[in-house]
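The opening residue of the sequence shown carries number 117 in this note's numbering; numbering runs sequentially from there.
Even for Gly, the Cβ is constructed at its ideal location relative to N, Cα and C.
Source: prediction; values computed, not measured.
The structure appears below as structure tokens.
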Amino acid sequence: MKFFGDFHIHSHYSRATSKELTPEHLELSGRIKGLQVIGTGDFTHAGWLAELKEKLEPAEEGLFRLKDEYKLNSFIDETLPVRFLLSAEISNIYKKGDKVRKVHNVILAPDFETAEKINRQLESLGGNLRSDGRPILGLDSRDLLEIALEANENIFFFPAHIWTPWFSAMGSKSGFDSIQECYADLAPHIHAIETGLSTDAPMNWMVSSLDGYTLLSNSDAHSPEKLGRNANYFDTELSYGAITDAIASGNGFLGTVDTYPQVGKYHYDGHRKCNVCFDPVKTIEHRGRCPVCGRGLTIGVMSRIAKLCNRTDVEERPDRKAFYPIIPLKELIAEIEGASPASKKVEQRYAELLKKLGNETHILMEKSIDDVAAAGEKMLAAALQRMRERRVNIAEGFDGEYGTVNVFQKGEVKELNAGEMKERIDEKLKENTKQQLKKKPKETDS
């Protein structure tokens, strides 16, 4: 069966996250977004693990479902059953090769017993697992992988957002030049890497050292709203083993769904305080310095990949999976309505569209353009067509500042809305004329 999964998220026990990151809100958001498998995030936190045990029950092998008594009522039905998979992200900060390394890693576990074994071992080494859902440990990434494997050989371990400058396996500030260097003798146990919000699959295809890894894409959601902004596409049976086997082998793994990576806040290089944003070439021209204040630029993922890439053509990468660039539905609505994605107006339209057209992923990726237009949503149909054809306008993110992506040119929405309004008025006038003609009495011969 085909389904979408998002494995790297967080709970309300992580810092700077929404209080609504609870099992019941995640399950509801999964239905709304069209996700069938969601990572729990944060299984290293005792409070969250207890909450998961209370509110979830076993489903298919290695997966869990929300108990009926905790389900939230919604206009979104349950034709798409949502499953949970135990996951956690750990921040590893340690010194290796005369350099401080800061690497984020994600662990998937097949059962609660395995998660608890990992937690006990980390605490026995002095790890503080109680202050944050994403704990910070002074532990080598290689050693964390060893601990996870000793707990259960069926765990699945991958480095998170590998290009993020500050906290990743291959980032410019504190990462390594290869996955092999990071995980040393245990590198053969790494079968996948997470591309992160600031890169997509084609960017990673340029680095041949990544050829042996499946490229995962997850939301790293800090609120239910962000769930599914990046996700993974499968065609396999619904179970922990089938999912992890598909990722490891590539068989049954169809590809990824990605928000445009240019929107990621570390896509380009720059200095946010001086509003300086450079592509890799301009960075070289300015010798990596801000032309306004003279300080060093934050080097983004494009420059980092440019430094490590050894290809000139993405087609040199074997076994390339599909990737689907998307723009979240609320952002499309906001552009059409000329309002904030967080506004009540957009929220209302979002709910209307879900009722009319189906879940968000179905609308963005599967619903035919003609069906959307036939449902009276011609502006949305135009927006979806441009998004799917990748005809978008982009301002790249840099130095912690998110970028923007739009499907319409400035002023175009107003013109199109006016044209659509005129079309509706003309159709209404024609309909009224037809009705009047039907009511007009027939003339009789005198």
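Taking a contact to require three or more Cβ pairs closer than 8 Å, the segment 168-188 and the segment 240-250 do not qualify as touching. If only uninterrupted beta strand (DSSP E) runs of at least 3 residues are considered, those enclosed by the segment 322-358 are 330-332, 347-351.
Sequence-distant Cβ neighbours of D248 in its own chain, meaning closer than 8 Å and more than five residues away, are Y129, S130, R131, H161.
Boundaries of the beta strand (DSSP E) around G121: 118-122. For N235, the enclosing alpha helix (DSSP H) begins and ends at 228-240. By the Cβ test, the segment 358-369 is not in contact with the segment 456-472, since fewer than three Cβ pairs between them sit closer than 8 Å. When the beta-carbon positions are compared, G155 and S203 come within less than 7 Å of each other. Separation of the CB atoms of I223 and F273 is rounded to 5 Å, and the pair is thereby assigned contact status at 8 Å. As computed with DSSP, R217 is found in a beta bridge with Y210.
Here the C-alpha atom of N475 lies approximately 15 Å from the C-alpha atom of N346. Remark: C-beta atoms of Y356 and P441 do not approach each other more closely than 7 Å.
Taking all protein chains in view, the Cβ of M495 is crowded by 16 or more other Cβ atoms within 10 Å, so the residue is classified as buried. The three-state reading of DSSP puts I295 in helix, counting H, G and I together. Around the beta carbon of L188, fewer than 16 other beta carbons sit within 10 angstroms, so the residue counts as exposed. Looking at the backbone, the Cα of E401 and that of R250 are separated by about 38 Å.
Here E505 carries a coil assignment [DSSP, helix/strand/coil].
Rounded to whole angstroms, the gap between the alpha carbons of A511 and E517 is 11 Å. Your pair P396 and M418 checks out as a contact, with CB atoms roughly 5 Å apart and the cut at 8 Å.
With respect to the 7 Å criterion, Q296 and G519 are not classified as neighbours on the basis of their beta carbons.
DSSP places R147 in the helix class (H, G or I) of the three-state scheme. Straight-line measurement puts the Cα of G121 at about 8 Å from the Cα of G344. The beta-carbon separation of L302 and L261, rounded to 5 Å, stays under the 8 Å limit for a contact. Excluding residues up to 5 positions away in sequence, A491 lie with their Cβ nearer than 6 Å to the Cβ of K472 in the same chain. Contiguous beta strand (DSSP E) elements confined to the segment 370-404 occur at 385-387, 392-394, taking only those with 3 or more residues. Inside the segment 413-468, DSSP marks whole alpha helix (DSSP H) runs of 4 or more residues at positions 417-424, 445-453, from first to last along the chain.
Here DSSP, grouped into helix, strand and coil, assigns P275 to strand.
In chain order, H128 place their CB closer than 7 Å to the CB of T138, counting only its own chain and leaving out the 5 sequence neighbours on each side.
A Cβ-Cβ distance of about 6 Å is found for the pair P281 and T414, placing them in contact under the 8 Å criterion. Counting along the chain, R181 sits inside the beta strand (DSSP E) bounded by residues 180-182. Distances from the CA of G178 to each of F191, V323, F200, D214 were compared; the closest alpha carbon is that of F200. Nearest to E136 by alpha-carbon distance, out of E493, H124, V219, A337, is A337. Just so you know, the alpha carbons of E229 and R236 end up roughly 11 Å apart.
Residue range 257-267 is occupied by the alpha helix (DSSP H) that includes A264. Between the alpha carbons of R433 and D316 lies a gap of roughly 14 Å. One alpha carbon belongs to A438, the other to L448, and they sit about 23 Å apart.
Residue range 485-490 is occupied by the alpha helix (DSSP H) that includes I485.
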